[in-house]
Amino acid sequence: MANSALYALYYDIDGTLVSFKTHEIPPSTILALTQAKANGHKVFIATGRPPLIITNLGAIEHLIDGYVTINGALCFIGKDIVRCKEIAPQSVNLMVEDAQDKHYGLIVIGENDIAVLDPHGEVDRIFRLQLAVENLHQAKPLEEVLQQRILQLTAFFPEDYEERLMPRIPDCISGRWHPAFTDITAKEADKGKGILAMAAHLGLDPQYTMAFGDGGNDTAMIKAAGIGVAMGNAIESLKQDADYTTTSVDDNGILNALRHYHLV
Numbered sequence: 086m087a088n089s090a091l092y093a094l095y096y097d098i099d100g101t102l103v104s105f106k107t108h109e110i111p112p113s114t115i116l117a118l119t120q121a122k123a124n125g126h127k128v129f130i131a132t133g134r135p136p137l138i139i140t141n142l143g144a145i146e147h148l149i150d151g152y153v154t155i156n157g158a159l160c161f162i163g164k165d166i167v168r169c170k171e172i173a174p175q176s177v178n179l180m181v182e183d184a185q186d187k188h189y190g191l192i193v194i195g196e197n198d199i200a201v202l203d204p205h206g207e208v209d210r211i212f213r214l215q216l217a218v219e220n221l222h223q224a225k226p227l228e229e230v231l232q233q234r235i236l237q238l239t240a241f242f243p244e245d246y247e248e249r250l251m252p253r254i255p256d257c258i259s260g261r262w263h264p265a266f267t268d269i270t271a272k273e274a275d276k277g278k279g280i281l282a283m284a285a286h287l288g289l290d291p292q293y294t295m296a297f298g299d300g301g302n303d304t305a306m307i308k309a310a311g312i313g314v315a316m317g318n319a320i321e322s323l324k325q326d327a328d329y330t331t332t333s334v335d336d337n338g339i340l341n342a343l344r345h346y347h348l349v
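Add 85 to a position in the sequence shown, counting from 1, and you land on the number used in this note's numbering.
See below:
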């Protein structure tokens, strides 16, 4: 189908732009985004990562128009903050105390810095070895970060414990995109609300937004976007919610989807 409209394109990072296998952006994806940008479309990031650990986009950084980060809790264009949604202090305190009591890993993400509780080394093992995350060594002391507004709590516990814990923090939502951990944000913060806030800020019609993702924390934006695209490597529930399922990140998924919609 031909498509002459200009779109705002929103991309998750891990498993969508960046391969879990190589920890790099495939050449076909770089080509696709370069062509899309040349054709007048806007390119945005929509990630659960806080800005401090967005370190794997060097190959496309010059193409990016703005960022939806921390699962929609912090959205910005350059130095212009479009949206910032904090978790209520009582929920933050409950989570920190619970992590310390139950001895599970917790990343506390403030508006400027992060703190890491890692009693069993699972945060380091999964983030550094499996996800190739850099900059965790720049984490600050917990007491210092708790002086800031807290935008996300990344908790390293299984899904069955998550189901028991979340009712205790009813002002929060959970977005799991990895079996070992989940990202907890304020209810007002998810990627769907983030991309709509960006569209409103830029005066763009949400109908002309296209979102790409692979994990549970991408569900809200896949539903909110004018067109939601699931990667071939996406979880099954996301594919069910998507308008289109492309091939995997390692099999030219981004390029194939943009070609399917005639944006490149």
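Just so you know, even glycine gets a beta-carbon here, dropped at the ideal spot from N, CA and C.
Classification of residue i by the beta-carbon crowding that lies within 10 angstroms, buried from 16 upward
i    : result
H355 : The first residue shown for the chain is 86 and the last is 349, placing residue 355 beyond what the model contains.
D356 : Past the boundaries of the shown model lies residue 356; the chain is included only from 86 to 349, so the question cannot be answered.
S259 : buried
H108 : exposed
A87  : At A87 the pLDDT is 42, less than 50, meaning the model places this residue with poor confidence; the figure from the coordinates comes in the next sentence. Burial call: exposed.
D268 : buried
Pair within 8 Å by beta-carbon distance, residue i and residue j
i    : j    : result
M306 : G298 : yes
G157 : A342 : no
N124 : L289 : no
G151 : I162 : yes
L179 : A240 : no
M295 : G317 : no
A131 : G338 : no
T330 : I172 : no
P350 : D335 : For the chain, the structure presents residues 86 to 349; residue 350 sits outside this window and is missing.
Where residue i sits in the DSSP three-state scheme
i    : result
Y293 : helix
M86  : At M86 the pLDDT is 40, less than 50, meaning the model places this residue with poor confidence; the figure from the coordinates comes in the next sentence. The answer is coil: DSSP assigns M86 none of H, G, I, E or B.
F266 : strand
D60  : Any property of residue 60 remains undetermined from this structure, which presents the chain solely from 86 to 349.
L348 : coil
F241 : coil
I110 : coil
First through last residue of the alpha helix (DSSP H) which encompasses residue i
i    : result
L250 : E244 to L250
Residue interval of the beta strand (DSSP E) (run including residue i)
i    : result
K272 : It is not in any beta strand (DSSP E) - K272 carries neither H nor E in the DSSP assignment.
D165 : D165 to C169
Cβ contact check for the region 221 to 237 and the region 188 to 204: 3 or more pairs under 8 Å: yes
Assess, as a yes-or-no matter, whether the region 242 to 254 is touched by the region 210 to 226 under the definition of 3 or more beta carbon pairs within less than 8 Å. no
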